[in-house]
Amino acid sequence: MNSTLPAVFKIARRSASADTANAPGEVYSGGGRIDPEAVLEIDGLRTEFSGVVVVDDVSLTVRPGRTLAVVGESGSGKSMTFLSALGLVAPPGRVTQGRVLLDGIDIARLSGEAARRVRGASISMIFQDPMTALNPVFTIGEQMTTLLRAHERVSRTAARTRAAELLERVRIPEARARLDAYPHELSGGMRQRVLIAMAVALRPKVVIADEPTTALDVTVQAQILDLLADLQQETGMAMVLITHDLGLVARYAQDVAVMYAGRVVERGSLDRVFGATRHPYTQALFRSIPALDGEPDSALHAIEGSPPDVAALPAGCAFEPRCALGRGRENCCTLRPPLVETDDAAHRSACFHWRSLVTMENA
């Protein structure tokens, strides 16, 4: 790990697979690529529920073989961003602007059968709760073979054989026997492995893991994330890790986006975001983590206040009421800070006063 990272994150990290060249996709005629090397580009995405903006002008990119971690408090818009990108927002929610480019093709413009062909085959998602993500009335084998046969012209027997191979690949013992099991007959860790097997079944270019270890104990969490990292190294797929656990981010990600109140407030490489923070909210997240080498009776640093109600955001910066750096400053109270380059061109922050953090860092 880079020596610039905070001490609490100086743990053994999974190394990323080498960057692989990505075949150029068809460029959407409405505009060029944000990052020609990216396999997934989200550009200016906006999602509303009955006029309330829950995803606000979000732009993110993910390159092949790399993991982008998207972090933030509950309700920050992390999951909704990628549900929107996949066209999975239920009414009354709707995407009102933005592009979602997969290999340069705008999949946000697809609908019906065309959209279904992309989901699962080229881009897939592992959902938070494996118990509710799997259908309780069908066996694991029935659900996996249905997925395979919906996208590939294979017989039921061939699909079942392939399903067993996938379960073996995600290290489920007695894989063939597990095909006849129902979801409730498997442990939480086993159900999550089934979801991973289904997510990678069609060799997608991008896998989105939405809090994939929330309901699992610490030991199983590590096994699941190590499994995902191994699959990534084998296939070169890009991965998005949606989480609030900064320790997992430090171990598995190479790029980081921090979200607050539906917006990206900081974005950059892991080393930059963790080692040279340029937004007060990110800094507050780090301060709220207990130090591993701290005194037993040392004070905990909670973030002041509560996450904002996206239906009643302040006129200026959404973090201003909780921010020690910007609270009461006129521009923070009245203007919405744009996401701008900092002292590193690839490191962006939505803070008018990010230079003050540099001064504090160098003091």
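Residue numbers 1 to 363, in full-length UniProt numbering, belong to the letters of the sequence shown in order. Beta carbons are placed, not taken as given, at the ideal position from N, Cα and C, and that holds for glycine. Please read all numbers here as calculations on a predicted model, not as lab measurements.
Where residue i sits in the DSSP three-state scheme
i	result
Arg278	coil
Leu241	strand
Pro271	For clarity, residue 271 is Asp in the given sequence; the question names Pro instead. Residue state, collapsed to three classes: helix.
Thr359	helix
Val55	strand
Gly30	No answer about Gly30 holds up, because its pLDDT of 44 lies below 50 and its placement is not dependable.
Ser349	strand
Val256	strand
Ala69	strand
Arg109	helix
Val39	coil
Thr342	coil
Glu48	strand
Leu60	strand
Val264	strand
Ala324	coil
Arg160	helix
Glu174	coil
Gly285	Looking at the sequence shown, residue 285 is not Gly but Leu. Leu285 falls in the helix class under three-state DSSP.
Pro24	Unreliable placement is indicated for Pro24, whose pLDDT of 31 sits below 50; the coordinate value is still reported in the next sentence. If DSSP states are grouped into helix, strand and coil, Pro24 belongs with coil.
Gly247	helix
Val89	coil
Leu166	helix
Endpoints, alpha helix (DSSP H) assigned at residue i
i	result
Leu300	Run containing Leu300: none; DSSP gives neither H nor E here.
Cys332	330-334
Ala85	78-85
With 16 other Cβ atoms within 10 Å as the buried cut-off, status of residue i
i	result
Leu292	exposed
Met131	exposed
Leu152	Correcting the residue identity first, residue 152 is Glu in this sequence and not Leu. Exposed, by the Cβ-count rule.
Leu300	exposed
Leu335	exposed
Asp180	exposed
Ser306	exposed
Arg322	buried
Val264	buried
Tyr28	The pLDDT assigned to Tyr28 is 39, lower than 50, so where the model puts this residue is not dependable, and the model offers no usable value.
Arg355	exposed
Glu234	exposed
Gly268	buried
His184	exposed
Met144	buried
Val39	buried
Met198	buried
Where the beta strand (DSSP E) containing residue i begins and where it ends
i	result
Gln97	93-102
Would the segment 58-77 count as touching the segment 223-243 if we require 3 or more Cβ pairs under 8 angstroms? With a cut-off of 8 angstroms, the segment 223-243 and the segment 58-77 count as touching, because enough Cβ pairs lie within range.
Contact between the segment 271-283 and the segment 323-342 is defined here as three or more beta-carbon pairs at a separation below 8 angstroms; is this criterion met? With the cut-off at 8 angstroms, the segment 271-283 and the segment 323-342 touch.
Is it true that the segment 205-213 meets the segment 114-133, where meeting means three or more beta-carbon pairs spaced less than 8 angstroms apart? At 8 angstroms Cβ cutoff, the stretches touch.
If you scan the segment 179-236 from start to end, which runs of the alpha helix (DSSP H) of 4 or more residues do you find wholly inside it? The qualifying runs are 188-200, 218-235.
Given 8 angstroms as the limit, is there contact between the segment 92-105 and the segment 44-63, that is, 3 or more CB pairs closer than that? The segment 92-105 is in contact with the segment 44-63.
Is the segment 154-174 touching the segment 99-117 in the sense that three or more CB pairs, one from each, lie closer than 8 angstroms? Segments in contact, no.
Could you check whether the segment 242-262 touches the segment 169-180, counting it as contact only if at least three pairs of C-beta atoms, one from each stretch, sit closer than 8 angstroms? Not touching, per the Cβ criterion.
Please give me, in chain order, every unbroken run of the alpha helix (DSSP H) with length at least 4 that falls completely inside the segment 113-156. Runs of the alpha helix (DSSP H) inside the segment 113-156: 130-133, 140-151.
Any contact of the segment 183-190 with the segment 219-236, i.e. 3+ C-beta pairs under 8 angstroms? The segment 183-190, when compared against the segment 219-236, does touch it at the 8 angstroms Cβ threshold.
Counting pairs of beta carbons, one from the segment 302-321 and one from the segment 67-75, are three or more of them closer than 8 angstroms? Enough Cβ pairs lie closer than 8 angstroms, so yes.
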